[in-house]
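First the structure, in the form of structure tokens, and then the observations on it.
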Ligand code: SF4
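Protein chains in written order, with the working numbering: chain F, 4 to 734; chain X, 881 to 1084.
Take a look at the structure:
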């Protein structure tokens, strides 16, 4: 009767005999559902320890699995970041595994924003051919790989690009902590210290907010400190969500944190409250710095920061008296991770202020965490790729930037200049988040090859020639994660449920197979399990044991407080005077540096920050988290009432925000909680990818207003050097 | 549903054709579509099931296979997945602690578990790539066709009642999509056919 060929594509394969035997009742959904619900109380629940991926804290989690599905998540009690608890993002982000917006199979671009499915084999073959051709024609310096690193990526990504002969491995830190990292690195020999918050008596946060999207244990420690009577000062142009734990909020003029720290340092010296013995034993160049500090009086700083000289003096004296149990928290992105032209110098001044308090490696002070001693692959059996004999792109321009992380936006700049030809992005939405999206889009379009490896159709994926689908973090095993801190430990992310989309693959497999296609498979002749076994070897912990426990701490390897370690700076001491800075053409001692731009009377500085329910734009497409945004209008910009009055703007009005780069419309929240010179916009919104149905169209993209730029010291994105004008559109 | 073998086969065949329309289009189905062979067959099947002529037409034919593949990827391949779980409360398990347990919009919900149960019970296999998406519309339609063609009327009717009540919401989502309306029309036609099946005298 029928001629069409459709029966060839039939999905189901049945054995005929059984169908006729069944009766409808036994197979009806209601009947089944009743049975299933009844049985559910006694259904076996498997508990699998793993780690969260809701943000880069990677807290320990326990995945509870019932009927092969994720059924519950809880915080891992032994993990130092979760301590048995998960934050809202951690719970919300897990929905990703069953999200309808995942990338489910490899895709190849066939036109602007248009893709067609491609087999893994074909995708590998084509990518390999194009990479090898680019290397042949332009050399390995013309290819790059960028990621927001997680444990497996940290090992595999640099190894992969190095196997192809290139050192061009980059991380997201260019819009996170590059400035702080550079400031700390050349001062203390580490990109970041941690802090013994719960034992501290006086804590200052500069733009950093534990109440907005930081790991659960950090909030716990701060609450403990508060309960023990610690003074907690928030320095931030907006009153962030740590406000309810704070004793004082200093609404500083944005971009002037360096002036505040310099003036407080001045007071310490003037009042003789710095720890002279510590400085004599463990630092170099303090005298030069003290001389420089002479001019940075509280009165001088008052003019710049808007904080009264009396307050600056009082706080510096109180912190000096509370030393060594007082500190400026080291922050991450905060106010000096990548925000202003003076951020690296702010980072340096903060590290030095802590050193002046003598709080390094002291109870209640700044801590150099201990790391677990892990093993590595036997290099005879598993040869390491050769180190390229040239430095990664961006090193020459920004020699102070932390080399391992590099300056990721150099890839875009060099693409514009025709020097960079290929870019691989793994777990990274660089096109939306790292630099001005218009610039990034143009830059990526100039590349001969863009590959995106991701779980969802990000703006970067939309610009890629090939998209390779990663499994979600709930569906994969990963490399062992080092936990550094007062007590070192290890944690393991492991597969909680089977992958939902069978054509997705974990990153270790993708790198291995792509390397084989590129002809460098010899550098990936091991499995993830073999690598994990090798890492565990020196610890005495078996892989089986780690799989069972998920997190294992080593209390016998805890660091000894009160014992100052040898630092990894050239002098092995705290460097108040840095030859490295001098060699790079900068002042060897910290000096005041003006921010790059300043608002006038009719304009504002655009500033950004986090909200507790989101992680950058990574969680914007999670429906239950975005619903909270919508329920509370969290995407609005904040404006101070005095400025709003001048502009005839009322709470809830629709306004236009205009910068040199873009114009956006958004509703406004009029609040005393923001400095009059600043407009605050949360950093989670403005998704433009059509594939992220939940997120698209909510709020505006902060980065659209940020001019593509590099901070001179560390190459960071200068993401708060933005001036905007605001006008009312509709009441 | 009439157990008359010709009518049963016609219904099954029609459902298999519809199932195929919801799969990623290849050259073979495109040839069937573009030559109108497929629609003619649908009409033949339809005329065996009911005397009433469908007023619903599939008129928005894409111009070529590449375009059909494009609109598939723009809709059924991602933005509007034709998977039952997405349109239903994820689980009836009241003690499930996930924050989305009672929400719609997620894969591998209870309806998927039910299909797993059915597949196991009837010893039916599906492709590996649909293991965690067994309530994809193509599988549901093939299962329905299979139950009909094997003469288990009660089971088929129950299955029809259980697993196709979400098509209205699915249609709404397709309507929100701009561009070619091919899949919207296919879905409207499917809804008409399934309604017709429910109303057949043998099912009352
Ligand atoms: S802080 Fe929250 S989102 Fe981040 S890893 Fe921990 S639980 Fe997950």
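Even for Gly, the Cβ is constructed at its ideal location relative to N, Cα and C.
The model shown is predicted, which means the values in this text are computed figures rather than measured ones.
Just to confirm, does residue i get its C-beta within under 7 angstroms of one of the non-hydrogen atoms of the ligand SF4?
| i | result |
| --- | --- |
| residue 219 of chain F | yes |
| residue 58 of chain F | yes |
| residue 663 of chain F | no |
| residue 702 of chain F | no |
| residue 479 of chain F | no |
| residue 628 of chain F | no |
| residue 142 of chain F | no |
| residue 522 of chain F | no |
| residue 89 of chain F | yes |
| residue 341 of chain F | no |
| residue 55 of chain F | yes |
| residue 574 of chain F | no |
| residue 92 of chain F | yes |
| residue 85 of chain F | yes |
| residue 476 of chain F | no |
| residue 618 of chain F | yes |
Could you check where the beta strand (DSSP E) with residue i kicks off and where it finishes?
| i | result |
| --- | --- |
| residue 975 of chain X | Taken as a continuous stretch (DSSP letters only), residue 975 of chain X belongs to no beta strand (DSSP E), as it is neither H nor E. |
| residue 607 of chain F | 607-612 |
| residue 685 of chain F | 681-685 |
| residue 253 of chain F | 251-253 |
| residue 641 of chain F | 640-642 |
Should residue i and residue j be called a contact, given that it needs their Cβ atoms to be closer than 8 angstroms?
| i | j | result |
| --- | --- | --- |
| residue 119 of chain F | residue 949 of chain X | yes |
| residue 375 of chain F | residue 509 of chain F | no |
| residue 660 of chain F | residue 727 of chain F | yes |
| residue 604 of chain F | residue 258 of chain F | no |
| residue 179 of chain F | residue 351 of chain F | no |
| residue 664 of chain F | residue 708 of chain F | yes |
| residue 475 of chain F | residue 100 of chain F | yes |
| residue 262 of chain F | residue 316 of chain F | no |
| residue 396 of chain F | residue 171 of chain F | yes |
If you follow the alpha helix (DSSP H) that residue i is in, where does it begin and where does it stop?
| i | result |
| --- | --- |
| residue 991 of chain X | 990-1001 |
| residue 92 of chain F | 91-96 |
| residue 159 of chain F | 154-166 |
| residue 183 of chain F | 181-191 |
| residue 1062 of chain X | 1062-1079 |
| residue 490 of chain F | Residue 490 of chain F -> no alpha helix (DSSP H), and no H or E assigned at all. |
| residue 219 of chain F | 219-230 |
| residue 1043 of chain X | 1033-1043 |
| residue 301 of chain F | 301-308 |
Evaluate residue i with the Cβ neighbour count: other Cβ atoms within 10 Å of its Cβ, from every protein chain shown; 16 or more gives buried, anything less gives exposed.
| i | result |
| --- | --- |
| residue 535 of chain F | buried |
| residue 717 of chain F | buried |
| residue 22 of chain F | Reliability fails at residue 22 of chain F, whose pLDDT of 48 lies under 50, so the model's placement of it is uncertain and no value is given. |
| residue 389 of chain F | exposed |
| residue 977 of chain X | exposed |
| residue 15 of chain F | buried |
| residue 892 of chain X | buried |
| residue 884 of chain X | Only weak support is given to the placement of residue 884 of chain X: the predicted model assigns it a pLDDT of 48, under 50, and the value that follows is read from those uncertain coordinates. It counts as exposed. |
| residue 4 of chain F | Because the pLDDT of residue 4 of chain F is 46, which lies under 50, any placement of that residue in the model is unreliable, and the number read from its coordinates should be weighed accordingly. Counting Cβ neighbours within 10 Å, residue 4 of chain F comes out exposed, since fewer than 16 surround it. |
| residue 881 of chain X | In this prediction, residue 881 of chain X scores a pLDDT of 45, lower than 50, which makes its location untrustworthy; the coordinate-derived value is nonetheless stated afterwards. By the 10 Å Cβ count, residue 881 of chain X comes out buried. |
| residue 18 of chain F | exposed |
| residue 698 of chain F | buried |
| residue 695 of chain F | buried |
| residue 980 of chain X | buried |
| residue 894 of chain X | buried |
| residue 139 of chain F | exposed |
| residue 289 of chain F | buried |
Hey, is residue i close to the ligand SAM, as in C-beta under 7 angstroms from one of its heavy atoms?
| i | result |
| --- | --- |
| residue 61 of chain F | In the structure on display, the ligand SAM does not appear, and the ligands it does have are the ligand SF4. |
* Using a Cβ cut-off of 7 angstroms, which residues of the region 943-967 of chain X contact any Cβ in chain F, in chain order? -> Of all residues in the region 943-967 of chain X, 949, 950, 953, 958, 959, 961, 966 have a Cβ within less than 7 angstroms of some Cβ in chain F.
* Can you list, in chain order, the residues of the region 75-109 of chain F whose Cβ is nearer than 9 angstroms to any Cβ on chain X? -> Correct list: 75, 76, 77, 91, 94, 95, 97, 98, 100, 101, 102, 103, 104, 105, 106, 107, 108.
* Residues in the region 48-77 of chain F having any Cβ partner in chain X nearer than 9 angstroms -> Cβ contacts with chain X come from 67, 69, 70, 71, 72, 73, 74, 75, 76, 77.
* To do: Give, in chain order, every residue of the region 627-657 of chain F whose Cβ lies closer than 8 angstroms to some Cβ of chain X.
  => From the region 627-657 of chain F, only 627 have a Cβ closer than 8 angstroms to chain X.
* Near-chain X residues of the region 337-366 of chain F (beta-carbon distance less than 8 angstroms), N- to C-terminal order -> Residues of the region 337-366 of chain F with a Cβ closer than 8 angstroms to any Cβ of chain X: none.
* May I ask you to list, following chain order, the residues of the region 1002-1019 of chain X that have a beta carbon less than 9 angstroms from some beta carbon of chain F? => The region 1002-1019 of chain X vs chain F, Cβ under 9 angstroms: 1002, 1003, 1004, 1005, 1006, 1007, 1008, 1009, 1010, 1011, 1012, 1013, 1016, 1018, 1019.
* Proximal residues, the region 501-519 of chain F versus chain X, C-beta separation under 9 angstroms -> Per Cβ criterion, the list reads 501, 502, 503, 504, 505, 506.
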